[in-house]
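Worksheet: the structure to be examined is printed underneath.
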Amino acid sequence: MAKEKFERSKPHVNVGTIGHVDHGKTTLTAALTRVCAEVYGGTAVAFDGIDNAPEERERGITIATSHVEYDSPTRHYAHVDCPGHADYVKNMITGAAQMDGAILVCGATDGPMPQTREHILLSRQVGVPYIVVFLNKADLLAEDCGGVDSEEYEEMLELVEMEIREILEQYEFPGDDTPIIPGSALMALNGQDEHGLGTTAVAKLVETLDSYIPEPERAVDGAFLMPIEDVFSIAGRGTVVTGRVERGIVNVGDEVELIGIRETTTTTCTGVEMFRKLLDEGRAGENIGALLRGTKRDDVERGQVMAKPGSIKPHTVFDCEVYVLSKDEGGRHTPFFKGYRPQFYFRTTDVTGSCELPEGTEMVMPGDNVAMHVTLIAPIAMEEGLRFAIREGGRTVGAGVVSKIVE
C-alpha cells in the first residue's frame, strides 16, 4: 500500500499525555484518536496499538514511546504517550518528543499522586510551555458519590481541582487559569456519553487544546542561529563556516555574531552556498556554507554558533535536569559523586564542566534523574531548554536539558 501524502494544510502542534501510572493516559490517547476520527476524519487507534509502544533509541537511550496523530478543525496534532514513568523522564529530558503543550491526566478518584507532581516538575524543568488538565474517571467518582448531581460529587471534584491548581502554581504554571476538564476517557473510547462525560468531554478537551495552546513558532520564523560544524579557508575568498541552520534565515550581507568558546565577535556573511550553488539566503533546516568577511581561519571554530546579533548570549553556569544512562544503555557501571567533571556536549562540541548535586544528594546512580548545577570551563551559546549530552572520553553517559541560566 502506498504511503499517503502528509497534508501540510493545517498548522502542526506537538502534544503528549503526562500523569501518574494507571490514571488513564493511554486510554485518553486512544479516545482522542477515536473522537477526532469520528468528528473530523482521520484514523482511530485502539488501546492495544498504543499500549505496546515500540522502543526507540534517542542518543543511545532506550525509550518506549507511542506516536499517534489526530485532527481538530484547525490543527493537526502529533501526540506522544509513554508506557512507563522512566520513559517519560527520558523522553522529556532528551527532548525526543518536544511538546508544545501537555495533557495532564489525573484520576478524579485518586487525585494528584507522586508522579502527577513529578511530571509537572519535569514539564517546568524542560520547558513545556502549556498544560491542560483532563480529570479522568469522573464517572467512577460520580458512582462513589451517588451520582453526577450529588453535592458530594461537586465537592470532591472541586477538592481535586484545587489540589491540582496548587501544584501547578508551585511549579510556576498559571494554576488559576489552567483549563481542567472532568470526564471519562474509557466512556469516550467506548463511544458513550452519559452526562456529557464521554465523547463530549474529550471533544471539549480538543477544543481546549485549540484555544489554550498557541500555535508554535515555526523554526524559520525564529532569530537566525547555526551551530558551526566545520571551518574552511578558501584561497582568494576567505573563511567559510558550514553547518545546519537551526532556526531563522541568514541573508547575504547580514551581520552575524560568532558566539561561544572564546570572545564574541561580529562579522558579515558575504555569501551562502548549498550543494556548491550560490544562494541569496540560508533557511532553517538547510545545510549551508557561509562565507565570512574579514574573518581568519583561526578566529572561528567548531562548537561556536553563528547567530543574529544580540539574539543569544554565551554562558558558563547553569542549572539542568539530567538523566544518567543505565548500565544496560551503555552508561556508567558505577555512581558518581559531587565534584564529578565530565564533558558536556552542546550542539557540535564537548566542554568540560564540574557538577554540584542538590543538597542531601551524595551520589547519583546509573538510571537516575537528577537536578545539577554546572560550571563549564568555556562559555557556550545557551538558552533555557537547550539539550546536551554528558560524555566521558567520547562515550555518552547522560542526557540533560538547561532549566535555568545562572551566569
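Each residue of the sequence shown is one higher than the one before, starting from 1 at the first, in UniProt numbering. Where is the CB? At the ideal position from N, CA and C, for every residue including glycine. Note that the structure is predicted; figures quoted are calculated from it, not measured.
Item: Please give the ranges of any alpha helix (DSSP H) in the segment 304-341, keeping only runs that are unbroken, at least 4 residues long and fully inside the region.; Value: none
Item: Within 10 Å of its beta-carbon, does G282 have 16 or more other beta-carbons around it, so buried, or fewer, so exposed?; Value: buried
Item: Hey, how far is the Cα of L357 from the Cα of A78?; Value: 35 Å
Item: In terms of residues, what are the limits of the alpha helix (DSSP H) holding G49?; Value: F47 to D51
Item: Report the partner residues of Q343 according to the DSSP bridge assignment.; Value: T352 and R391
Item: Here's the rule I'm using: 16 or more other beta-carbon atoms within 10 Å means buried, otherwise exposed. How should K404 be labelled?; Value: exposed
Item: State yes or no: is the C-beta of L28 within less than 8 Å of the C-beta of V126?; Value: no
Item: With A31 and A188 assumed to form a contact (beta carbons below 8 Å), what rounded beta-carbon distance in angstroms separates them?; Value: 4 Å
Item: Enumerated in chain order, which unbroken segments of the beta strand (DSSP E) with a length of 3 residues or greater are wholly contained in the segment 36-114?; Value: 55-58, 61-64, 66-71, 76-81 and 101-107
Item: For T94 versus R387, is the C-beta distance shorter than 8 Å?; Value: yes
Item: Going by CA-CA distance only, name the one from V231, N190 and E286 that's closest to A219.; Value: E286
Item: How big is the Cα-Cα spacing for M1 and L279?; Value: Summary for M1: the model assigns pLDDT 46, below 50, so the residue's position carries little reliability, and this model does not support an answer.
Item: Considering only their Cβ atoms, is the gap separating M92 from H20 smaller than 8 Å?; Value: no
Item: Using the beta-carbon count (16 or more within 10 Å), is V406 buried or exposed?; Value: exposed
Item: What number of angstroms, rounded off, separates the C-alpha of T361 from the C-alpha of A389?; Value: 21 Å
Item: Answer with buried or exposed for S9, where buried requires no fewer than 16 other C-beta atoms within 10 angstroms of its C-beta.; Value: exposed
Item: Tell me which residue opens and which closes the alpha helix (DSSP H) that V202 is part of.; Value: T199 to Y212
Item: Tell me whether the segment 51-71 and the segment 141-160 touch, counting them as touching only if at least three CB pairs, one residue from each stretch, are closer than 8 Å.; Value: no
Item: Run through DSSP, which three-state label would D230 get?; Value: strand
Item: With the cut-off set at 8 Å, would you say G289 and T268 are in Cβ contact?; Value: no
Item: Determine the burial state of I234: buried for a count of at least 16 other Cβ atoms within 10 Å of its Cβ, exposed for fewer.; Value: exposed
Item: Are there 16 or more other CB atoms within 10 angstroms of the CB of Y214, so buried, or fewer, so exposed?; Value: Looking at the sequence provided, one finds Pro at residue 214 rather than Tyr. Exposed, since its Cβ has fewer than 16 Cβ neighbours within 10 Å.
Item: Does P174 get closer than 8 Å to chain D when you measure Cβ to Cβ?; Value: The structure shown contains no chain D, having only a single protein chain.
Item: From K137 to Y130, what does the alpha carbon distance come to, in whole angstroms?; Value: 23 Å
Item: Which residue or residues does DSSP assign as beta-bridge partners of I131?; Value: A102
Item: Report the three-state DSSP secondary structure of K25 (helix, strand or coil).; Value: helix
Item: On the DSSP bridge assignment, give the partners of I261 in chain order.; Value: BP columns for I261 are empty, so no partner.
Item: What are the residues that DSSP puts in a beta bridge with A399?; Value: Y323 and A389
Item: Whose C-alpha, out of Y88, T264 and G236, is nearest the C-alpha of P379?; Value: T264
Item: Do V324 and G248 have their C-beta atoms within less than 8 Å of each other?; Value: no
Item: Can you look up G196 in the DSSP assignment and give me helix, strand or coil?; Value: helix
Item: Could you give the first and the last residue of the continuous alpha helix (DSSP H) run that contains M372?; Value: First-last for M372: N369 to M382, but that is the beta strand (DSSP E), not the alpha helix (DSSP H).
Item: If you draw a straight line from the C-alpha of T349 to the C-alpha of V15, how long is it?; Value: 30 Å
Item: Between H195, G222 and L122, which lies nearest to F173 when the distance is taken from Cα to Cα?; Value: L122
Item: May I ask which residues mark the beginning and end of the alpha helix (DSSP H) holding L291?; Value: Run containing L291: none in the alpha helix (DSSP H); it sits in the beta strand (DSSP E), N287 to L292.
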